[in-house]
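In terms of our numbering, the sequence shown is residues 9 to 209. Glycine is no exception: its CB is placed at the ideal position from the N, C-alpha and C atoms. Keep in mind the model is a prediction, meaning the values are calculated, not measured. Have a look at the structure below, then the notes.
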Amino acid sequence: MKYSLTRKNPGINAMGRTVVSLMLFFLVFGHVDARKADEPGRIYKLLGKAPKGTKFKPVDARSPIPFNKSYQQLTDSQRAIYRSYFEGIKDSETPPFPEGGTQVIYKPLIKGHARIGGGGFLALRATVDEKGIVDKVAVYLTPSKKMTDLAIAVLFNTRFEPATCDGEPCEMEYPFEFELRKQFKSIVSLDKENFGNSDRR
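This is the structure we're talking about:
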């Protein structure tokens, strides 16, 4: 944007400086706000429950996509990231997306994992039909049989905004990958006064 200032009329020039200052203010801070709304590179987190005796909440899941947003609510950069998960997707196609956001998949998995325990990588592919219903789940990696059963049940019970192909609802695979962390447990807890005072044998 090009600005033109003149010194011929001091009164107008002073007003011009005020106007330009205000415009620069909104350009700078408006740009910051827009950047915050988009925030490329931001990682969103789902926090777990703090273990007994501490206020520290472990991170149960991380994602460049907000967990509580619909596909329509994602920013352009977030949509681009999400679309990159779908190999070979065309510009005229939109991918399936969980109704209620990805949290509807993550949260029950996290809750079930807290009961099942263990840790490892989970990789699934769900076939979502033109009505947004999952009719097939393929498991490629799993930390345990129990987590496999849980993940399949969660996906079969998840409703999706169906994919579209050239503006019409269509069937498409939904890839889901999740690294399940090992459960956080306090192995030992000592205060400073008691440190080193225990009997050594």
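Item: Enclosing beta strand (DSSP E) for Thr172 [first to last residue]; Value: 171 to 173
Item: Straight-line gap, Asp41 to Ile124 (C-alpha atoms, nearest Å); Value: Residue placement at Asp41 cannot be trusted, given a pLDDT of 43 that sits under 50; what the coordinates show is reported in the next sentence. Looking at the two C-alpha atoms, the distance is approximately 42 angstroms.
Item: Limits of the beta strand (DSSP E) - the one that Pro177 falls within; Value: 176 to 178
Item: Of the residues Phe94, Gly126, Asp84, the one placed nearest Val136, counting alpha carbons only; Value: Phe94
Item: Alpha-carbon spacing of Gly96 relative to Val142, whole angstroms; Value: 21 angstroms
Item: Complete runs of the beta strand (DSSP E) confined to the region 82 to 152 [at least 3 residues]; Value: 128 to 136, 142 to 149
Item: Beta-carbon gap between Ser92 and Glu169 smaller than 9 angstroms; Value: no
Item: Nearest residue (CA-CA) to Glu181, options Leu82, Val147, Pro66, Gly128; Value: Val147
Item: Test item: CB-CB of Gly127 and Arg167 under 9 angstroms; Value: no
Item: Those residues which DSSP pairs with Arg70 across a bridge; Value: Lys53
Item: Leu55, buried or exposed, once every other Cβ within 10 Å from all chains shown has been counted against 16; Value: exposed
Item: Reduced DSSP secondary structure (H/G/I, E/B, other) of Phe186; Value: strand
Item: Straight-line gap, Pro151 to Gly120 (C-alpha atoms, nearest Å); Value: 13 angstroms
Item: For Ala134 and Pro74, the rounded distance between their alpha carbons; Value: 20 angstroms
Item: Contact check, Ala171 vs Pro103, beta carbons under 9 angstroms; Value: yes
Item: For Tyr90 and Asp84, the rounded distance between their alpha carbons; Value: 10 angstroms
Item: Contact set for Leu149: own chain, Cβ-Cβ below 7 angstroms, skip 5 residues either direction; Value: Phe129, Leu130, Ala131
Item: Where Thr62 falls, given that 16 or more other Cβ within 10 Å makes a residue buried; Value: exposed
Item: Phe164 in three-state terms, based on DSSP; Value: helix
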